[in-house]
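Start counting the sequence shown at 6; every next residue gets the next number (our numbering).
All C-beta atoms, glycine included, are put in the ideal place defined by N, C-alpha and C.
In what follows, a structure is listed as structure tokens, so that the remarks can point back to it.
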Amino acid sequence: MALRFDKYEGLGNDFIVVDAASFPDGAAGVALVRALTDRHRGVGGDGVLLVTRGGDRPAMRVVNADGSTPEMCGNGLRCVALHLWRTGAVRARAFVVDTDAGPHACRIHGEAPAGAAQLEVEVDMAVPSLVPAALPLRADAAWVDAPFEVAGRTLRATAVSMGNPHVVFFDALNADERRALGPAIGADARFPRGVNVGFAHPRGPAALDLQVFERGAGWTEACGTGACAAAVAAVETGRAERGVPLVVALPGGPLTITVTDAGAPVRMRGPARYVFSGATTLDERVAVAHRPRDPSAIG
Numbered sequence: 006m007a008l009r010f011d012k013y014e015g016l017g018n019d020f021i022v023v024d025a026a027s028f029p030d031g032a033a034g035v036a037l038v039r040a041l042t043d044r045h046r047g048v049g050g051d052g053v054l055l056v057t058r059g060g061d062r063p064a065m066r067v068v069n070a071d072g073s074t075p076e077m078c079g080n081g082l083r084c085v086a087l088h089l090w091r092t093g094a095v096r097a098r099a100f101v102v103d104t105d106a107g108p109h110a111c112r113i114h115g116e117a118p119a120g121a122a123q124l125e126v127e128v129d130m131a132v133p134s135l136v137p138a139a140l141p142l143r144a145d146a147a148w149v150d151a152p153f154e155v156a157g158r159t160l161r162a163t164a165v166s167m168g169n170p171h172v173v174f175f176d177a178l179n180a181d182e183r184r185a186l187g188p189a190i191g192a193d194a195r196f197p198r199g200v201n202v203g204f205a206h207p208r209g210p211a212a213l214d215l216q217v218f219e220r221g222a223g224w225t226e227a228c229g230t231g232a233c234a235a236a237v238a239a240v241e242t243g244r245a246e247r248g249v250p251l252v253v254a255l256p257g258g259p260l261t262i263t264v265t266d267a268g269a270p271v272r273m274r275g276p277a278r279y280v281f282s283g284a285t286t287l288d289e290r291v292a293v294a295h296r297p298r299d300p301s302a303i304g
């Protein structure tokens, strides 16, 4: 059985887009995701985006490279918006895509001929929440620049739900410290469902640098919900202003994030690009993915 797919990327955060109706459920689906996203033996990607076109409006479900299912993925949503436009599934420049975190409005910007391989897409992301139960976070009150003990040191943490859990740090950390702390914080028991970890560095009132250790994917070139969470954290801690577009520079490139009124969705704008299409054989890919590795045979 051959599975057709399309490959997309948003600032280097890359995804394999497939028709949800043709994708297996359960353990077989998890095994296939791990096989497809394998960068040595599969197609390669940070995750798989399962797209449904039937019903009142299109829908997207995200599966991380490890087989876990996050509630939302901003870069993935921009890629799905491009996929729907490129394949003619939508014709209006403004449309809504359903996700596990709820419906999200998408808008196509700039020149956008039919079949375009690259677009600038603006998305209404989730309404942010600092309520611990929304993440979830084991805490009695919201964390805004709250002391956070990890690996024998104290950082300052701001916890934000963007439909999925994030914790953002503005502490001055070098690359080695970030590399060590990202996985440790991501697995911290205070976040019972795990957490995406953002390390941010302000570059003035309208720009910041950001690196994100993503739950289920590890270090990625870009994280849309992470950029939104960092912008919310910057506003909440007085490092940025509401209503002022904030350029968030990620390793893969910049996203423009606007945090507006309380209770309103965060707006995210950035590029999405079509890479290639193909087909693969399910049984072969799953078999390769689950070939046991013998550590003694390495080196």
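- The C-alpha of Glu219 lies about 11 Å from the C-alpha of Gly229.
- As the crow flies, the alpha-carbon of Asp30 is around 20 Å from that of Ala222.
- Under DSSP, the beta-bridge partners assigned to Met273 are Val128, Ile262.
- Residue pairing by DSSP places His45 in no beta bridge whatsoever.
- For the stretch 207 to 269, the continuous alpha helix (DSSP H) assignments of 4+ residues that do not extend past its boundaries occur at 229 to 241, in sequence order.
- DSSP lists no bridge partner for Ile190.
- Here His171 is buried: its Cβ has 16 or more other Cβ atoms, across all protein chains shown, within 10 Å.
- Of all alpha-carbon atoms in Ala25, Gly50, Arg9, the one lying nearest the alpha-carbon of Leu16 is that of Gly50.
- Linking Asp214 to Gly258 through their CA atoms gives a straight-line distance of about 10 Å.
- Every unbroken stretch of the alpha helix (DSSP H) spanning 4 or more residues and falling wholly within the stretch 24 to 104 is given here in chain order: 31 to 42, 79 to 91.
- A residue is called buried once 16 or more other Cβ atoms fall within 10 Å of its Cβ, and Arg244 is buried on that count.
- Take Leu160, set aside five residues on each side of it, and the residues of its chain with a beta-carbon closer than 7 Å to its own are Phe153, Phe174, Asp176, in chain order.
- In the DSSP annotation of this structure, the continuous segment of the beta strand (DSSP E) that includes Glu14 starts and ends at 7 to 15.
- Here the alpha carbons of Cys233 and Asp103 stand approximately 19 Å from one another.
- In the DSSP annotation of this structure, the continuous segment of the beta strand (DSSP E) that includes Leu160 starts and ends at 158 to 166.
- The DSSP-derived three-state label of Asp150 is coil.
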